[in-house]
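*Asks:* Residue numbers (this note's numbering): 385 to 568.
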Amino acid sequence: MPDHADVRSLERLEEFEQQLMRLRQSLLKTLEDLQLEVRRLSDWIERDARAYWLDQYRAAQRHRLECREALSRCMATVRADERRPCTEQKQRLARADARVRTCQEKLRAQQFAAASWRRVQTKEQARMQRCQDMAETGLMVALERLRNHLETLRRYAELRVPMPRSMPAEPSIESEKPGAPCDE
């Protein structure tokens, strides 16, 4: 890569300035959108998912309690010879127990996911901050330097503008011949 640019047009530099400004604005907008998505994901992982599985766990416990009571009623006997199998109630209780275990597993998984997410978020926050700093500071410094260079080049270009040739040239002393009669 060469050490200098071979730019022959101020218009090209002005276009580059506009593109640099658009890049900065686009980067800032993208970072803002990314921060919103990260916040939304954090809320879901740390609050919404936990709240959902806690609600599901409580509902599963209530349902298991209802199934256990239904099985107890079914198995309650008035006489010893009146014993029933209560197969349906036992199956319902087994499914309710499985649901409680599933909810417990999901809560543990949510806690693990939240801890993992916090570690990733902490690590990636530094990278996002560097991008933010580049957009807010680095690109602004580059734009300001480019504007200063452009202004210098514009002034230089104005100095190089040739004088209009419509002005009559002043006669030089050399053009007058010695000994020529004077108009008196």
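From the three backbone atoms N, C-alpha and C, an ideal C-beta is built for every residue, glycine too.
#1: If you run the structure through DSSP and keep just helix, strand and coil, what is C470?
#2: Cβ of L412 versus every heavy atom of the ligand MG: is any distance shorter than 8 Å?
#3: Here's a check: name, in chain order, each residue in its chain whose Cβ is nearer than 7 Å to the Cβ of E430, leaving out the five neighbours to either side.
#4: Counting only runs that start and end within the segment 503-549, where is the alpha helix (DSSP H) found for 4 or more residues in a row?
#5: Buried or exposed, going by whether 16 or more other CB atoms sit within 10 Å of the CB of L394?
#6: Thinking just about the alpha-carbon of each residue, which of C470, D439, Q440 and W501 is nearest to the one in E453?
#7: Ends of the alpha helix (DSSP H) at S456?
#8: Using CA coordinates, which residue listed in H388, R408 and R392 is at the minimum distance from L527?
#9: Do Q473 and C487 have their C-beta atoms within less than 9 Å of each other?
#10: Please determine, among S500, E401 and V484, the residue with the shortest C-alpha to C-alpha distance to R446.
#11: Suppose you measure from the CA of E520 to the CA of E401; what does that come to, to the nearest Å?
#12: Should W428 be labelled buried (16 or more other beta-carbon atoms within 10 Å of its own) or exposed?
#13: Using 10 angstroms around the beta-carbon of L477, count the other beta-carbons present and answer buried if the total reaches 16, otherwise exposed.
#14: According to DSSP, is R392 part of a helix, a strand, or is it coil?
#15: Mapping DSSP to helix, strand and coil, what is S559?
#16: Would R434 pass as a contact of Q495 if the rule is Cβ separation under 9 Å?
#17: Mind checking whether S410 and Q505 have CB atoms under 9 Å apart?
*Replies:* The relevant details are as follows:
#1: On the sequence shown, position 86 is the one that residue 470 refers to. The answer is coil: DSSP assigns C470 none of H, G, I, E or B.
#2: For the ligand MG, the structure offers nothing, since it holds no ligand at all.
#3: For the purposes of this step, residue 430 is taken as the residue at position 46 of the sequence shown. If we look at E430 and ignore the five residues flanking it on each side, its Cβ neighbours are A498.
#4: 523-543
#5: Within the sequence shown, the letter at position 10 stands for residue 394. By the neighbour-count rule (16 or more Cβ atoms within 10 Å), L394 is not buried but exposed.
#6: Start at 1 with the first residue of the sequence shown, and residue 453 comes out as number 69. Closest option to E453, Cα to Cα, is C470.
#7: The residue given as residue 456 occupies position 72 in the sequence shown. Start and end: A433 to M459.
#8: Residue numbering aside, residue 527 sits at position 143 when the sequence shown is read from its first letter. It is R408 whose Cα lies nearest to the Cα of L527.
#9: The residue given as residue 473 occupies position 89 in the sequence shown. The residue given as residue 487 occupies position 103 in the sequence shown. No; because the gap between Cβ atoms is not below 9 Å, this pair is not in contact.
#10: Here residue 446 refers to the residue found at position 62 when the sequence shown is read from its first residue. Nearest of S500, E401 and V484 to R446, Cα basis: V484.
#11: To locate residue 520, count along the sequence shown from 1; it is residue 136. To locate residue 401, count along the sequence shown from 1; it is residue 17. Near 16 Å, if we compare the C-alpha coordinates of E401 and E520.
#12: Here residue 428 refers to the residue found at position 44 when the sequence shown is read from its first residue. It counts as exposed.
#13: For the purposes of this step, residue 477 is taken as residue 93 along the sequence shown, with counting starting at 1. Classification of L477: buried, given that the 10 Å Cβ count is 16 or more.
#14: Walking along the sequence shown from the start, residue 392 turns up at place 8. It is coil, neither helix nor strand.
#15: Residue mapping note: residue 559 aligns to position 175 of the sequence shown, counting from 1. Summary for S559: the model assigns pLDDT 49, below 50, so the residue's position carries little reliability; its value from the coordinates is reported in the next sentence. DSSP places S559 in helix when its eight states are reduced to three.
#16: Start at 1 with the first residue of the sequence shown, and residue 434 comes out as number 50. Start at 1 with the first residue of the sequence shown, and residue 495 comes out as number 111. The answer is yes: Cβ separation under 9 Å.
#17: As a position in the sequence shown, residue 410 is number 26, starting the count at 1. As a position in the sequence shown, residue 505 is number 121, starting the count at 1. No, they are not a contact pair.
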